[in-house]
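Below is one structure, written out as structure tokens, with a few remarks after it.
In the working numbering, the protein residues as written are 4 to 201.
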């Protein structure tokens, strides 16, 4: 009770997902894990939105409703097509679709508002069915068993939120899946997106 029996856990005793080790040797994923990850990362919201290249296959607003049903709400705004180019006056329409347990963001040219592509998606509810029998609320160990061990990272200026990164590419574009976990190693939410510039 006085703390005299306490000892700092060694690196060997720390689970890999604590990300406490300065460097850790990540086991190589198996071919099957890599195949699952490719299917998951490129089709996270499938069947329906199989993202194969950027900006991805086009689909209509009716197809969104057909796949996911009526959203709880939507918000749309116009954004610059290329904020880095002051001479590009083109605009895109960005729409966020809220559903129970997840949300997606789609983008369309303002000249073709019903030809959307998927920009990003976030899953935060354990009710959302995902590929390969994973879901929010499961241990990060479960995800690692299915897809191989992800990379550790931290978010925020003080590194207050731990997350794990799966990165890959389809035939034409890069994507990343970030898994945000609590201190016990349980996945709280996931975010899928194209890294900037891809």
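Backbone N, C-alpha and C fix where the C-beta goes; we use that ideal spot for every residue, glycine too. Predicted model only: the values in this text are computed from it and were never measured.
1. Which first and last residues belong to the beta strand (DSSP E) in which residue 221 is found?
2. In terms of alpha-carbon separation, which member of 41, 138, 31, 35 lies closest to residue 171?
3. Taking the alpha carbon of residue 120 as the point to measure from, which residue in 62, 45, 47, 44 has its own alpha carbon closest?
4. Can you give the Cα-Cα distance for residue 144 and residue 115, rounded to whole angstroms?
5. Taking C-alpha atoms, which residue in 147, 76, 130 lies nearest to residue 286?
6. Please report how far the alpha carbon of residue 129 lies from the alpha carbon of residue 92, in whole angstroms.
7. Can you grab the Cα-Cα spacing for the pair residue 70 / residue 183, in whole Å?
8. So residue 194 is in the beta strand (DSSP E); what residue range does that whole segment cover?
9. I'd like to know whether the C-beta atoms of residue 98 and residue 77 end up nearer to each other than 8 Å.
10. Thinking C-beta only, is residue 137 closer than 8 Å to residue 153?
11. Quick one: give me the first and last residue of the beta strand (DSSP E) that residue 81 is part of.
12. Residue 144 by DSSP, collapsed to three states: which one?
13. Going by C-alpha distance, which of 107, 28, 118 is nearest residue 126?
14. What residue range does the beta strand (DSSP E) around residue 183 cover?
15. At which residues does the beta strand (DSSP E) containing residue 96 begin and terminate?
16. With a 10 Å radius around its C-beta and 16 neighbouring C-beta atoms as the bar for buried, classify residue 90 as buried or exposed.
17. Return the CA-CA distance between residue 135 and residue 85, expressed in angstroms with no decimal places.
With the given structure in hand:
1. Since the first and last residues shown for the chain are 4 and 201, residue 221 lies out of range.
2. Comparing Cα positions, the closest option is 41.
3. Cα-wise, what sits closest to residue 120 is 62.
4. Taking C-alpha positions only, residue 144 is separated from residue 115 by approximately 43 Å.
5. Because the chain here runs from 4 to 201, residue 286 falls outside it and cannot be looked at.
6. Rounded to the nearest angstrom, the two C-alpha atoms are 41 Å apart.
7. Distance between residue 70 and residue 183, taken at the CA atoms: about 26 Å.
8. Segment 190 to 196, the beta strand (DSSP E) holding residue 194.
9. One thing to note: residue 98 has its Cβ within 8 Å of the Cβ of residue 77.
10. No, the pair does not count as a contact, with Cβ atoms beyond the cut-off.
11. Unbroken beta strand (DSSP E) run through residue 81: 76 to 83.
12. Here residue 144 sits in helix by DSSP.
13. Selection 107, 28, 118 evaluated against residue 126 yields 107 as nearest (Cα-Cα).
14. According to the DSSP assignment, residue 183 belongs to the beta strand (DSSP E) that extends over 177 to 184.
15. In this chain, the beta strand (DSSP E) harbouring residue 96 covers 94 to 102.
16. Residue 90 sits exposed, since fewer than 16 C-beta atoms from the chains shown fall within 10 Å of its C-beta.
17. Going by the C-alpha atoms only, they are around 36 Å apart.
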